[in-house]
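Q:
Numbering (the numbering used here), first residue to last: -9 to 359.
#1: From residue 41 to residue 59, what does the alpha carbon distance come to, in whole angstroms?
#2: My output table needs one value for residue 318: the three-state DSSP class, helix, strand or coil.
#3: How about residue 105 and residue 9: do their beta carbons lie closer than 8 Å?
#4: In this structure, how does DSSP classify residue 120 when only helix, strand and coil are distinguished?
#5: Out of 182, 354, 314 and 70, point me to the one whose CA is closest to residue 109's CA.
#6: Is the distance from the Cβ of residue 99 to the Cβ of residue 193 below 8 Å?
#7: Helix, strand or coil for residue 293, going by three-state DSSP, please let me know.
#8: Does residue 346 come out as helix, strand or coil in the three-state DSSP assignment?
#9: Can you tell me whether residue 334 is buried or exposed? The criterion is at least 16 other CB atoms within 10 Å of its CB, across all chains shown.
#10: Between residue 353 and residue 318, which are expected to be in contact by the criterion C-beta below 8 Å, what is the C-beta distance as a whole number of angstroms?
#11: What's the C-alpha gap between residue 179 and residue 150?
#12: Is it the case that the segment 87 to 102 contacts the segment 58 to 75, given that we only count it when at least three CB pairs across the two stretches are under 8 Å?
#13: Find out if the Cβ-Cβ distance for the pair residue 300, residue 321 is shorter than 8 Å.
#14: Residues in its own chain within less than 7 Å of residue 272 by CB, not counting five upstream and five downstream?
#15: For residue 323, decide whether its Cβ has a neighbour in chain B, counting only Cβ atoms nearer than 8 Å.
#16: Are there three or more Cβ pairs, one per stretch, closer than 8 Å when the segment 139 to 148 is compared with the segment 113 to 128?
#17: Going straight from the alpha carbon of residue 46 to that of residue 52, what length do you get?
#18: Using CA coordinates, which residue listed in 304, 357 and 325 is at the minimum distance from residue 337?
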């Protein structure tokens, strides 16, 4: 199940999303000195932007693309490392994709709630008048769009746009329109738009995402990940394929460069360095396609040690990199801030992987658990 740090991370994401939505809506809703708020801006925030993000979510889900709201917010640099380290546990349990999807739907709902709260707070404590201004658009352009948007709630007559009302709401910066209508004509329209285009679809997607996450989290834990044909080294056809021998000598990092496939938490990194020495330099090669890090590592003449998390399957791109150089493969397993004994099935997978790489030896650091 989700550990405490991942729950804290989820709550932190929700607070951040709510804050962004509240202050963004407040900024747009303040209006000018006369309390006039551009209706077209509000439609952009409450209708068109949510529709765009909803469509993007559906496409990303369909094509299994990693882009989502949660991933973007997680890229901010202020999250505690202990919280981010909890994502490693989700990856180990194969819960990371379903957790990201669930959190993205939750954040979309939080964004909507933050916007609606700011919307009603300003309606309650200020006299807002909704107008629309445009150099190119006329009433004949704007009314059909407003009417089309309102079709999902056609049965709520008080929230339907009327062409005469749209005409009276048109404003100009140069001329003061004495016929501007009060906000109560439009707030129902905006509220219904938020319900139909954000709350209802996102609630459905959240329920589906929660169901998927619950099924995944209650299933038996499977530490061996499925190998994708295009990116993962294919298993050997021969079930009795030979395994790479595990080096018996103790590893010494003090005269080496360390290449990390996944960054260790600070506590574990200190524990590792205290036992086997501090490397001359450390490179993060989580993305093997990062030519800058790879080039710098290849140019260094010192012995190379690649640190890999035991539960991850060996990737073909890692094999391509390792064939260009030589060194030691250090296989480690950890959960949160504790090293764990490497599971036999994981160790065998890495031994099979190293068997075809004669320039590399495999080491399991004893005494860390």
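For every residue, glycine included, the Cβ atom is placed at its ideal position computed from N, Cα and C.
This structure is a prediction, so every number in the text was calculated from the model and none was measured.
A: Quick look at the numbers:
#1: In this structure, the alpha-carbon of residue 41 lies about 14 Å from that of residue 59.
#2: Strand, per DSSP.
#3: Between residue 105 and residue 9, the CB-CB gap reaches or exceeds 8 Å.
#4: If DSSP states are grouped into helix, strand and coil, residue 120 belongs with the strands.
#5: Answer by Cα proximity: 182.
#6: Yes, the Cβ-Cβ distance between residue 99 and residue 193 is below 8 Å.
#7: Here residue 293 sits in strand by DSSP.
#8: The three-state secondary structure of residue 346, taken from DSSP, is coil.
#9: Classification of residue 334: exposed, given that the 10 Å Cβ count is below 16.
#10: That pair is a contact at about 5 Å.
#11: Rounded to whole angstroms, residue 179 to residue 150 spans 7 Å at the Cα level.
#12: Verdict: yes, contact present.
#13: Judged by their CB atoms, residue 300 and residue 321 are nearer to each other than the 8 Å cut-off.
#14: The beta carbon of residue 272 lies closer than 7 Å to those of 248 and 250 in the same chain, with the five residues before and after it left out.
#15: Absent here is chain B; the protein component of the structure consists of one chain.
#16: At 8 Å Cβ cutoff, the stretches do not touch.
#17: Rounded to the nearest angstrom, the gap between the Cα atoms of residue 46 and residue 52 is 10 Å.
#18: Out of 304, 357 and 325, 304 has the C-alpha closest to the C-alpha of residue 337.
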